[in-house]
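Working notes, structure below.
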Amino acid sequence: MTNWTIIQKLAHLLQPAFDQLYQWLGDWGLALIFFTLLVRVCLIPVSLRTARLMASQFVFSRKAAELQKTWTGSKEELSGEIANLMQKHKFNPFSMLLNALLQSPILVAVFAVFSHLGAQASSVLVPWVDSIGLRDPWHLLPLIIALLTGLASRVSLIPREYTPNGQAKMNFFLMAGIALFILWSAPVATALYYGTSSLWGVLERKALSRYTRKLIEAQTEVSTG
42 MTNWTIIQKL AHLLQPAFDQ LYQWLGDWGL ALIFFTLLVR VCLIPVSLRT ARLMASQFVF
102 SRKAAELQKT WTGSKEELSG EIANLMQKHK FNPFSMLLNA LLQSPILVAV FAVFSHLGAQ
162 ASSVLVPWVD SIGLRDPWHL LPLIIALLTG LASRVSLIPR EYTPNGQAKM NFFLMAGIAL
222 FILWSAPVAT ALYYGTSSLW GVLERKALSR YTRKLIEAQT EVSTG
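Here it is, written out as structure tokens:
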């Protein structure tokens with residue numbers, strides 16, 4: 042079974058949900074935004090897990106940097122100590138991508154659903170476009186969402202005082218560039234999903250940043266205790 046076949050099956054499963062939401066709300070754009078919020082609510086446990094992993098990664102990175110500065114033994118022994126730190130803090134950079142990985146097939150399925158609907162999927166939310174199943178001929182929405190996504194990336198789970206000054210600027214250009222690349226020629230529906238999810242992410246990270254701070258402080262105390 043190919044990846045596209047899986048996406049088609051997922052789109053087929055999502056179509057009745059969109060149809061029902063449209064019947065309730067009377068607008069395809071509102072139906073899509075409501076669907077996006079439902080997806081993000083279901084992913085809250087994943088976001089909590091990501092917060093815990095981010096805290097562990099931060100403490101690991103700081104401890105590893107301190108160890109490298111003060112280490113006087115051999116490189117082999119240093120590698121062993123860093124490996125122990127990785128195990129202690131359960132450091133795995135790929136596991137923090139779970140939220141994005143879970144949303145990727147949904148994003149592509151949204152693309153498939155609304156591409157199939159085509160001109161039928163009208164919405165008052167984007168009045169300059171005939172249908173959110175079509176791409177934005179002026180590329181206004183992709184540009185707006187890319188800018189918002191870049192700004193949203195500046196809100197991190199890690200408290201600001203722990204974040205290097207240059208990191209926020211780098212994140213802005215990286216995330217804005219990725220969003221623009223994905224959304225430039227995609228149906229408007231894809232941009233609505235992407236933008237709604239990004240705005241939810243800002244609120245979620247703000248809500249979880251205090252939780253992450255407590256985790257960092259607790260793990261730091263354990264490490265130094």
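Note that the sequence shown covers residues 42 to 266 in this note's numbering.
From the three backbone atoms N, C-alpha and C, an ideal C-beta is built for every residue, glycine too.
Just so it is clear, the structure is predicted and the values come from calculations on it, not from any experiment.
Check whether residue i and residue j have beta carbons under 9 Å apart
{"i": "residue 173", "j": "residue 229", "result": "yes"}
{"i": "residue 200", "j": "residue 257", "result": "yes"}
{"i": "residue 54", "j": "residue 234", "result": "no"}
{"i": "residue 103", "j": "residue 261", "result": "yes"}
{"i": "residue 191", "j": "residue 227", "result": "no"}
{"i": "residue 231", "j": "residue 223", "result": "yes"}
{"i": "residue 119", "j": "residue 128", "result": "no"}
{"i": "residue 189", "j": "residue 236", "result": "yes"}
{"i": "residue 51", "j": "residue 62", "result": "no"}
{"i": "residue 170", "j": "residue 246", "result": "no"}
{"i": "residue 47", "j": "residue 146", "result": "yes"}
{"i": "residue 143", "j": "residue 82", "result": "no"}
{"i": "residue 105", "j": "residue 123", "result": "yes"}
{"i": "residue 66", "j": "residue 101", "result": "no"}
{"i": "residue 198", "j": "residue 91", "result": "yes"}
{"i": "residue 89", "j": "residue 252", "result": "yes"}
{"i": "residue 157", "j": "residue 225", "result": "no"}
Extent of the continuous alpha helix (DSSP H) to which residue i belongs
{"i": "residue 121", "result": "116 to 129"}
{"i": "residue 78", "result": "69 to 83"}
Contact belief for residue i with residue j at Cβ below 8 Å, rounded distance in angstroms
{"i": "residue 56", "j": "residue 151", "result": "About 11 Å separates the two Cβ atoms, so there is no contact after all."}
{"i": "residue 238", "j": "residue 212", "result": "Actually they do not touch by this definition, with Cβ atoms about 17 Å apart."}
{"i": "residue 68", "j": "residue 165", "result": "6 Å"}
{"i": "residue 178", "j": "residue 221", "result": "Going by Cβ atoms, the distance from residue 178 to residue 221 rounds to 16 Å, so no, they are not a contact pair."}
CB contact check: residue i to chain C, cutoff 9 Å
{"i": "residue 160", "result": "Absent from the structure is chain C; it holds one protein chain and no more."}
TODO: Write down every uninterrupted run of the alpha helix (DSSP H) in the stretch 163 to 242 whose length is 4 residues or greater and which is fully enclosed by it, in chain order.
DONE: 181 to 193 and 206 to 224
Task: Contact between the stretch 233 to 250 and the stretch 66 to 80 (3+ Cβ pairs under 8 Å) - done: In the pairwise beta carbon analysis, the stretch 233 to 250 is classified as touching the stretch 66 to 80: at least three pairs are separated by under 8 Å.
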